[in-house]
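**Q** So that we are looking at the same thing, I have put the structure below in structure tokens.
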Amino acid sequence: MKKFFIIFLLNIFTINKAYALIEVDITRGNLDPLPVAVSPLHVDIKSENYKDLKIKELGSNISKIIENNFKATGLFNPLKKEAFVQKPDIAHLKPRFEDWRLIKAQALITGKLLIKDGKLKVEFRLWDLAAAKEMTALAFTTTPSNWRRVAHIISDKIYERLTGEEGYFDTRIIYVAENGPKNQRVKKLAIMDQDGANTKYLTLGNELVLTPRFNPTNQMVTYMSYFRNMPRVYLLDIETGTQEVVGNFPGMTFAPRFSPDGKKIVMSFAKDGNSDIYTMELETRIVERITDHSSIDTSPSFSPDGKFIAFNSDRSGLQQIYVMRSDGTGVKRVTFGKGIYGTPVWSPRGDLIAFTKMHKGKFYIGVMRTDGTGERLLTENYYQEAPSWSPNGRVLVFYRETKAGTKGEGFTAKLWSIDITGYNERQVLTKTDASDPSWSSLLSK
Amino acid sequence: MIRSLIYSLTFHSIMILLTILSLPFMLREPIDLPPIVSVELIQISDKTSIPYAPKARKIIEDNKKKEEERLVSEQAPPAAKAKEKPDRIPLPSEKKEEKKIVKKKQNPEEVKPEIRQASEFEKKEIIDTNQIAALIDKAKEEETVKQKKKDKITQSSKKNSFATSLTLSEEDALRAQIFGCWSVPLGLPYDEDLLVRIKLNLKKDGTIIRSEILDHQRMNRPGQKFYKVLAESALRAVRLCQPLKVPPTGYDKWKEIQLNFNPTEMLKG
């Protein structure tokens, strides 16, 4: 009993000590991009020559791609290499942290590469300079011609480690490449890496191509083309180059898009003069009608869980965005703002819907929550539309046209990207004019 | 039955007695907190001026008002009289001018802006130097009254701020220092519960002996990548900031300190 009392008393008196710990709330910080140092990758002296690859420059070329990727995110600030004091090979073994801290870097990326027996081996390390420890380290082996992809994969791994969300660098963008005067545009299907490199044309430009869209699960693309003035929906396998016609659809057909599992496509077409939304099972080719309304329903887009579809409709007068269950029930209007809303695209994260808005002669790209609240207009311009999400749901790519003169002069169409904060707007460089972009999922997934 | 009842009563009364004795906060008067004032946080120097602290400001302003009233009603008229020269009869025109001067002196607006914003301690000096000889005795009396009042104020303000905590200026200085070092990971979602609590053991010069993330087990749980990123950024911030700006005294009070990093407000903005 005595013991019990003593313990009891001790417990009570120690309570006072617990109250003594001072707490300070830190609710603000520095919003500048994180300063990172990307040291050029060290090229192993045992490396052999490989075709026409400039091996000596490969290390710095890879680090340059990583740097450009990071700069484009707006979240990181790659520091200038002139300030680096340690050689790449020594830095990769064990960096002198104090030297790197001196140039205000908070993270350091080092690496080395070796080409032997026709294989490229790349390893990299990410260092936390404040804690003086390694955060992550990985090695890849691939064919040397894949060196650009290796740089993108390294960027993805580092991005994921530093931000907590998946990267989007090892991805591609498919778009419609445009050439010629405004009234006689030649439109080809083109694909490139997300940073604008490796452009390839997938069609010859004999037929008009429209609205290419990536399958979220693999490297398949669906797009529309007019064959003898009849709209056709195609499926194209990027890896093999094979393509097939999904079907001929009557009247005006619009914007086929994949379901999240890649097994269906959802689109709108006009049957009996009325445009509604339909889905098609790709395996069985069974077409199912989803909406049945006298208004014009177009631009359907699945939610990432496949349970809902967002689309636009003029059933309330002006064109607005609606959300319904994927079987067509429970239709609910979500936009009530002034102007016209269109091209809803559900974010791969599932939290936002991106859209195009037209109001008082201006076009806006914006995002809102899936119930229509929290609308934020990210960018305003003369003409811009067709937002497409990066696979991590952080960046949007869209196209923007400039005003043409009376004879069509001065007309351009370019791709732009903006992140969901609206602060980081950049032009995506393409070889020709470009429209209707669609972002792929991660290639290395 | 009766025996157990007695036991129960005895233990309960012991419990209540011990609780009252050992938990001092129960004895304290309930803290009368002033209404919440939203303030914009800015980069500040090591020491902030206490009169600007929201809690102190109200008390000081009240006190200032009272003093100003007293200045006008009691002190000012005799002060003006003292400046008159009794051996010279002023002309009517001069009289008017003098009246104006008197008015000016009486007017509390005349007090310079620095004086009005100065702390009460500085103010005391200013008032004292303006006192005229004829009123010294009276002033002395007032002084004692004022002093008593001030004592009360300092006591109450101490109660309002945290007795076991840093002063507002010390806390502000530390906070401002860490604001500068903390690179908030901008990609984090704003709708998740992301609060990182770090406990630091400090040396007297503010360098860190040991840093510990209080919910560190959460870092390695699956699906907690964002928390891990935030926790690492917070740790980087304190490491980059060291030596932390700690008060020169009261080491025992702050040798262990907890920092709560919460970026929600920033990410929403």
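In the order they appear, the protein sequences are chains A and B. If you're matching positions, the first sequence starts at 0 in numbering that gives the first Met the number 0 and goes up one per residue. If you're matching positions, the second sequence starts at 0 in numbering that gives the first Met the number 0 and goes up one per residue. Glycine included, each C-beta is placed from N, C-alpha and C at the ideal position.
1) Report, in whole angstroms, the separation of the C-beta atoms of A:Y167 and A:N391, which I expect to be a contact under 8 angstroms.
2) Any beta carbon of chain B sitting closer than 8 angstroms to that of A:E280?
3) Between the Cα of A:L161 and the Cα atoms of B:R196, B:S232, B:K203 and B:K252, which residue gives the shortest distance?
4) For the stretch 48 to 67 of chain A against the stretch 202 to 216 of chain B, do three or more pairs of beta-carbon atoms, one drawn from each stretch, fall closer than 8 angstroms, so that the two count as touching?
5) Since A:A196 meets chain B, which of its residues come closer than 9 angstroms, beta carbon to beta carbon?
6) Assuming A:L414 contacts A:V396 (C-beta within less than 8 angstroms), just tell me the rounded distance between them.
7) Whose Cβ in chain A lies nearer than 8 angstroms to the Cβ of B:F178?
8) Any Cβ of chain A within less than 8 angstroms of the Cβ of B:N219?
9) Checking 8 angstroms against the spacing of the C-beta atoms, do B:V228 and B:P188 come in under that value?
10) Identify whether A:M357 lies in helix, strand or coil by the three-state DSSP scheme.
11) Under 8 angstroms between C-beta atoms, does B:P242 make it to chain A?
12) For A:V37 versus A:P87, is the C-beta spacing smaller than 8 angstroms?
13) In angstroms, rounded to a whole number, what distance separates the CA positions of A:G329 and A:I289?
14) Looking at A:A403: is its Cβ nearer than 8 angstroms to the Cβ of A:V175?
15) Give me the Cβ distance between B:A230 and B:M218, rounded to the nearest whole Å; I'm assuming they're in contact under 8 angstroms.
16) Let me know the secondary structure DSSP gives A:D192 once reduced to three states.
17) Suppose the cutoff is 6 angstroms on Cβ atoms and the five residues either side in sequence are ignored; what does the same chain contact list for A:G338 look like?
18) Do the stretch 211 to 225 of chain A and the stretch 2 to 12 of chain B touch if we need at least three Cβ pairs shorter than 8 angstroms?
19) Alpha carbon to alpha carbon, how far is A:F123 from A:S346? Give it in angstroms, no decimals.
20) If you check the beta carbons only, do A:L137 and A:K156 fall under 8 angstroms apart?
21) Determine contact between the stretch 366 to 383 of chain A and the stretch 189 to 197 of chain A, defined as no fewer than three beta-carbon pairs at a distance below 8 angstroms.
22) Please identify the residue among B:Q241, B:I197, B:W181 and B:G179 whose C-alpha is closest to the C-alpha of B:D204.
23) Any idea if B:D251 is buried or exposed, counting beta-carbon neighbours within 10 angstroms, 16 or more meaning buried?
24) Once DSSP output is grouped into helix, strand and coil, what is the label at A:N447?
25) Do we get a CB-CB distance below 8 angstroms when we pair A:I21 with the residues of chain B?
26) Taking Cβ-Cβ distances shorter than 7 angstroms, what residues in chain A pair up with B:F260?
27) Go through its chain and collect everything with a Cβ distance to A:D418's Cβ below 7 angstroms, but skip five positions before and after it.
28) Applying a beta-carbon distance threshold of less than 9 angstroms, which residues of chain B neighbour A:T170?
29) Considering A:V427, what are the terminal residues of the beta strand (DSSP E) in which it resides?
30) Going by other Cβ atoms of all chains shown within 10 Å of its Cβ, with 16 needed for buried, is B:T9 buried or exposed?
31) Could you tell me whether any Cβ in chain B is nearer than 8 angstroms to the Cβ of A:Q193?
32) Could you tell me the distance, in whole angstroms, from the CA atom of A:L207 to the CA atom of A:L235?
33) Residues in its own chain within less than 6 angstroms of A:F242 by CB, not counting five upstream and five downstream?
34) I believe A:N247 touches A:M266 by the beta-carbon criterion, under 8 angstroms. Please report the beta-carbon distance rounded to the nearest angstrom.
35) Would you check if there are 3 or more beta carbon pairs closer than 8 angstroms linking the stretch 46 to 55 of chain A to the stretch 87 to 99 of chain A?
36) Looking only at its own chain, which residues have a Cβ that is under 7 angstroms from the Cβ of B:I256, when we skip the five neighbours before and after it?
**A** Let me spell this out:
1) For the purposes of this step, residue 167 of chain A is identified with residue 168 of the first sequence, where counting begins at 1. For the purposes of this step, residue 391 of chain A is identified with residue 392 of the first sequence, where counting begins at 1. Yes, they are in contact, since the Cβ atoms of A:Y167 and A:N391 sit about 5 angstroms apart, within 8 angstroms.
2) Within the first sequence, the letter at position 281 stands for residue 280 of chain A. Not an interface residue.
3) Taking the first residue of the first sequence as 1, we reach residue 161 of chain A at position 162. Checking every option, the nearest Cα to that of A:L161 belongs to B:S232.
4) no
5) Along the first sequence, one-based indexing puts residue 196 of chain A at 197. Those within 9 angstroms of A:A196 in chain B number zero; the least Cβ separation is about 24 angstroms.
6) Working through the first sequence from its first residue, we reach residue 414 of chain A at position 415. Working through the first sequence from its first residue, we reach residue 396 of chain A at position 397. About 6 angstroms; that satisfies the 8 angstroms criterion.
7) Locating residue 178 of chain B in the second sequence gives position 179, where the first residue counts as 1. I25, R27, G28 and N29, listed in chain order.
8) As a first step, residue 219 of chain B must be located in the second sequence, where it is residue number 220. No - not a single Cβ of chain A is within 8 angstroms of the one on B:N219.
9) For the purposes of this step, residue 228 of chain B is taken as the residue at position 229 of the second sequence. For the purposes of this step, residue 188 of chain B is taken as the residue at position 189 of the second sequence. No. Outside cutoff.
10) Translated into the one-based positions of the first sequence, residue 357 of chain A becomes position 358. It is a strand residue.
11) Here residue 242 of chain B refers to the residue found at position 243 when the second sequence is read from its first residue. Chain A, which has no Cβ nearer than 8 angstroms to the Cβ of B:P242, makes this no.
12) Counted from its first residue, the first sequence places residue 37 of chain A at position 38. Counted from its first residue, the first sequence places residue 87 of chain A at position 88. Result no, Cβ atoms of A:V37 and A:P87 do not sit closer than 8 angstroms.
13) The residue you call residue 329 of chain A lines up with position 330 of the first sequence. The residue you call residue 289 of chain A lines up with position 290 of the first sequence. Computed Cα separation, rounded: 11 angstroms.
14) Mapped onto the first sequence, residue 403 of chain A falls at position 404. Mapped onto the first sequence, residue 175 of chain A falls at position 176. It is not a contact, given that the beta carbons lie outside the stated cut-off.
15) As a position in the second sequence, residue 230 of chain B is number 231, starting the count at 1. As a position in the second sequence, residue 218 of chain B is number 219, starting the count at 1. Going by Cβ atoms, the distance from B:A230 to B:M218 rounds to 6 angstroms, so yes, they are a contact pair.
16) Position 193 of the first sequence holds residue 192 of chain A. A:D192 falls in the strand class under three-state DSSP.
17) Indexing the first sequence from 1 puts residue 338 of chain A at position 339. Only K356, M357 and H358 meet the Cβ criterion.
18) no
19) One-based indexing of the first sequence puts residue 346 of chain A at position 347. One-based indexing of the first sequence puts residue 123 of chain A at position 124. Roughly 31 angstroms between the two C-alpha positions.
20) What you label residue 137 of chain A is simply residue 138 of the first sequence in a count that begins at 1. What you label residue 156 of chain A is simply residue 157 of the first sequence in a count that begins at 1. In contact: A:L137 and A:K156 (Cβ atoms closer than 8 angstroms).
21) no
22) To locate residue 204 of chain B, count along the second sequence from 1; it is residue 205. For B:D204, the nearest C-alpha among the options comes from B:Q241.
23) As a position in the second sequence, residue 251 of chain B is number 252, starting the count at 1. Per the 10 Å Cβ criterion, exposed.
24) Nothing can be reported for residue 447 of chain A: it is not among the residues displayed for chain A, which extend from 0 to 444.
25) As a working mapping, residue 21 of chain A is identified with position 22 in the first sequence. Yes, because at least one Cβ of chain B sits closer than 8 angstroms to the Cβ of A:I21.
26) On the second sequence, position 261 is the one that residue 260 of chain B refers to. In chain order: I25.
27) Residue 418 of chain A sits at position 419 when you count from the first residue of the first sequence. Excluding positions up to five away in sequence, the list reads G73, R393 and V394.
28) Here residue 170 of chain A refers to the residue found at position 171 when the first sequence is read from its first residue. Within chain B, no residue comes near A:T170; the closest Cβ sits about 17 angstroms away, beyond 9 angstroms.
29) Taking the first residue of the first sequence as position 1, residue 427 of chain A is located at position 428. From DSSP, the beta strand (DSSP E) with A:V427 extends over E424 to V427.
30) In the second sequence, the residue the question calls residue 9 of chain B occupies position 10. So B:T9 counts as exposed.
31) Translated into positions along the first sequence, residue 193 of chain A becomes position 194. Answer no: the Cβ-Cβ gap between A:Q193 and chain B never drops below 8 angstroms.
32) By 1-based counting over the first sequence, the position of residue 207 of chain A is 208. By 1-based counting over the first sequence, the position of residue 235 of chain A is 236. Looking at the two C-alpha atoms, the distance is approximately 16 angstroms.
33) For the purposes of this step, residue 242 of chain A is taken as the residue at position 243 of the first sequence. Per the sequence shown, the amino acid found at residue 242 of chain A is Gln instead of Phe. Once the five neighbours on either side are set aside, the close Cβ partners of A:Q242 are Y233 and L235.
34) By one-based count along the first sequence, residue 247 of chain A stands at place 248. By one-based count along the first sequence, residue 266 of chain A stands at place 267. Going by Cβ atoms, the distance from A:N247 to A:M266 rounds to 13 angstroms, so no, they are not a contact pair.
35) no
36) Against the second sequence, residue 256 of chain B aligns to sequence position 257. Within the same chain, B:I256 has close Cβ partners L199 and L201.
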